[in-house]
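Those protein sequence lines, which keep their order, are chains R and E.
Residue numbers for the first sequence follow this note's numbering, beginning at 1 and rising by one.
Residue numbers for the second sequence follow this note's numbering, beginning at 1001 and rising by one.
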Amino acid sequence: MSETGERRTVRICVNGTDMLAEAEPRLLLSDFLRHTLSLTGTHVGCEHGVCGACTVLLDGEPVRSCLMFAVQADGGELTTVEGLADPHGELHAVQQAFHELHGMQCGFCTPGFLLSLVATLRSNPEPSDDELLDSLSGNLCRCTGYANIIAAARLAQERMR
Amino acid sequence: MKPARFAYHAPETLAETLDLLADADRDVRVLAGGQSLVPMMNFRLAVPEALVDIGRVAELRVLRVEDGGELRVGAGTRQAELLRDGRVAAGWPLLAEGVRHVGHPQIRSRGTVCGSLAHNDPTAELPALALALGARLTVAGSAGRRELDAEAFFVSYYEVALEPGEMLVSAAFPAPRPGSGWSFQELARRRGDFALIGAVCVLRAGDDGRIGSARLVIFGAGGRPLRVDAAEQALLGTVGDRVTAAEVARLVADTVQPLSDIHASAEYRRALAGELAARCVLEAWERCAR
């Protein structure tokens, strides 16, 4: 048992691959992904749970990786943006729709939007307008005005049917 | 924006958890969903010496309907689990509607019901829901267990009636009485934000077809959710029409004592509390069987 904040072993399955690494208890999951596992697709914006850029899926559910310690995810299954495309590089339907309909501009918020949407469309394949907006309310974008993000969500939804 | 160092414990039983919390020489905090605690630690507004992560304590992962009909929610149960549960949607629609207003989906995936109750943010939905629904809170420490009603549990801004070494282990929400009508109203600047003001109302019609029992709770206007006794009294024996709602709005605005901040003035919040209370009364009465 950790008495002084000493490092602990964390075992996580990330995008289908079992990973094992040491982490100090205070290491945020977002920093563990980026700095320890070198998975820099997960972006870090506000670090206090407001912007949603760091959203990943933990055991299939969307979570903010800046509001969790890596040690809490020990034994869990994570999906990050690196895990969305298939191994041959074919984009996920949500990524493809963002690409085609300009659902992004600078791209900073995009990984969070993609993962929030993947989670939404898996659990609710035909969300109402209100449900769709609610599911994306925890992700902030400063470039697009959201209109193209919503359009991309609808296109992805159609193709995922 | 990085938390300070702390000792981390991840017990697997409640007994072990309570032993760890009993350490009076250290500032030990319970880590449940972490959706309030971790941002505070990132800002170093909270610098606990040790965290006891209850995420692996299976006996706290409780969501069940008890023999007496009440819904028991353990300290490990997440808000999203509550929202996915068909029994909650059918039997406790007010609770479900209120919890849908808590943060964003990513927050509700991790955030726990009991964590929000124990944190007692004055603008949070769950303490107000607990008060409006007459929830009972079970608290445990190494010395034993005790049960408190919501009125006694919520003390003031971010303060609840927990003694050092104690934690909230579960909340029990009584089964709503058949035929009762309810409403949940809040205004936030953006979807998912904490409320500027919120109101919760539960009404029940008496045999004479008029209001026989009433609970009206306002949150975001003081250090704890507030039952407005004067308005509850005024509702009894009336029908939930516009005249009654206007009187409730006046009584609520006269009672609450909100503060001003950059988001809204105290006067605006006072007027808003009255308006939301009035809407609550109309909607709750509409839903009453009578």
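Built from N, CA and C at the ideal position, the CB exists for glycine as well.
Note that the structure is a prediction, hence the values are computed from the model and not measured.
Minimum Cβ-Cβ distance from residue i to chain E less than 8 Å
| i | result |
| --- | --- |
| L78 of chain R | no |
| H102 of chain R | no |
| Q72 of chain R | yes |
| G16 of chain R | no |
| M1 of chain R | Residue placement at M1 of chain R is poorly supported in this model, since its pLDDT is 47, which falls under 50; the coordinates are not used for a value here. |
Under 8 Å from the C-beta of residue i: neighbouring residues of chain R
| i | result |
| --- | --- |
| R1290 of chain E | Those within 8 Å of R1290 of chain E in chain R number zero; the least Cβ separation is about 30 Å. |
| M1001 of chain E | E47, H48 |
| R1191 of chain E | L133, D134, S137 |
| G1034 of chain E | L67, M68, F69, Q72 |
| F1043 of chain E | H48 |
| A1080 of chain E | E61 |
Minimum Cβ-Cβ distance from residue i to chain R less than 8 Å
| i | result |
| --- | --- |
| S1109 of chain E | yes |
| D1067 of chain E | no |
| D1053 of chain E | yes |
Whether residue i touches residue j by CB criterion (8 Å)
| i | j | result |
| --- | --- | --- |
| V1102 of chain E | L1095 of chain E | no |
| L1168 of chain E | A1124 of chain E | no |
| A1130 of chain E | A1150 of chain E | yes |
| G52 of chain R | G107 of chain R | no |
| L1071 of chain E | F1153 of chain E | no |
| V1228 of chain E | L1251 of chain E | yes |
| G1212 of chain E | R1224 of chain E | no |
| A1221 of chain E | L1276 of chain E | no |
| C54 of chain R | S38 of chain R | no |
| A1050 of chain E | R1026 of chain E | yes |
| I1054 of chain E | G1076 of chain E | yes |
| W1182 of chain E | P1093 of chain E | yes |
| V1028 of chain E | L1020 of chain E | yes |
| I150 of chain R | L121 of chain R | no |
| P1105 of chain E | S65 of chain R | no |
| G1240 of chain E | A1284 of chain E | yes |
| L57 of chain R | L28 of chain R | no |
| M1001 of chain E | E47 of chain R | yes |
| S128 of chain R | R1191 of chain E | no |
| A1278 of chain E | A1249 of chain E | yes |
| A1080 of chain E | E61 of chain R | yes |
| V1281 of chain E | A1253 of chain E | no |
| R1215 of chain E | E1232 of chain E | yes |
Contact set between residue i and chain E, taken where Cβ atoms lie within less than 7 Å
| i | result |
| --- | --- |
| T55 of chain R | Q1106 |
Neighbouring residues, chain E, relative to residue i (Cβ below 8 Å)
| i | result |
| --- | --- |
| G52 of chain R | H1104, Q1106 |
| G5 of chain R | R1005, F1006, A1007, Y1008 |
7 Å Cβ cut-off: residues of chain R touching residue i
| i | result |
| --- | --- |
| P1039 of chain E | H48, G49, L67 |
| A1291 of chain E | Outside the modelled stretch of chain E, which goes from 1001 to 1290, sits residue 1291 of chain E, for which no answer is possible. |
Practice task
Scan the segment 115-138 of chain R for residues whose Cβ lies nearer than 8 Å to a Cβ of chain E and list them as they occur along the chain.
Solution key: S116, A119, T120, L133, D134, S135, S137, G138
Exercise for the section: Pull out every residue of the segment 21-36 of chain R whose Cβ sits closer than 9 Å to any Cβ of chain E, in chain order. Expected result: E24, P25, R26, L27, L28, D31
Exercise. Taking a Cβ distance cut-off of 8 Å, strictly less, list which residues of the segment 56-70 of chain R are near chain B, in chain order.
Key: In the displayed structure, chain B is absent; the protein chains listed are R and E.
| message | Quick test of the definition: if touching needs 3 or more C-beta pairs under 8 Å, does the segment 1251-1261 of chain E touch the segment 1156-1171 of chain E? | response | no
Whether or not the segment 86-98 of chain R and the segment 1058-1074 of chain E are in contact is what I'm after, with contact meaning three or more pairs of Cβ atoms, one per stretch, closer than 8 Å; do they touch?
no
*asked:* For the structure I just gave you, are there three or more beta carbon pairs, one from the segment 116-125 of chain R and one from the segment 1008-1023 of chain E, closer than 8 Å?
replied: no
Problem - contact_flag[the segment 53-72 of chain R, the segment 14-34 of chain R] where n(CB pairs < 8 Å) is 3 or more - result: yes
| If we count Cβ pairs, one from each stretch, closer than 8 Å, do we get three or more for the segment 1020-1040 of chain E versus the segment 1108-1122 of chain E? | yes
Note to self: Below 8 Å, how does it come out for the segment 70-85 of chain R and the segment 12-20 of chain R: are there three or more Cβ pairs, yes or no?
What the structure shows: yes
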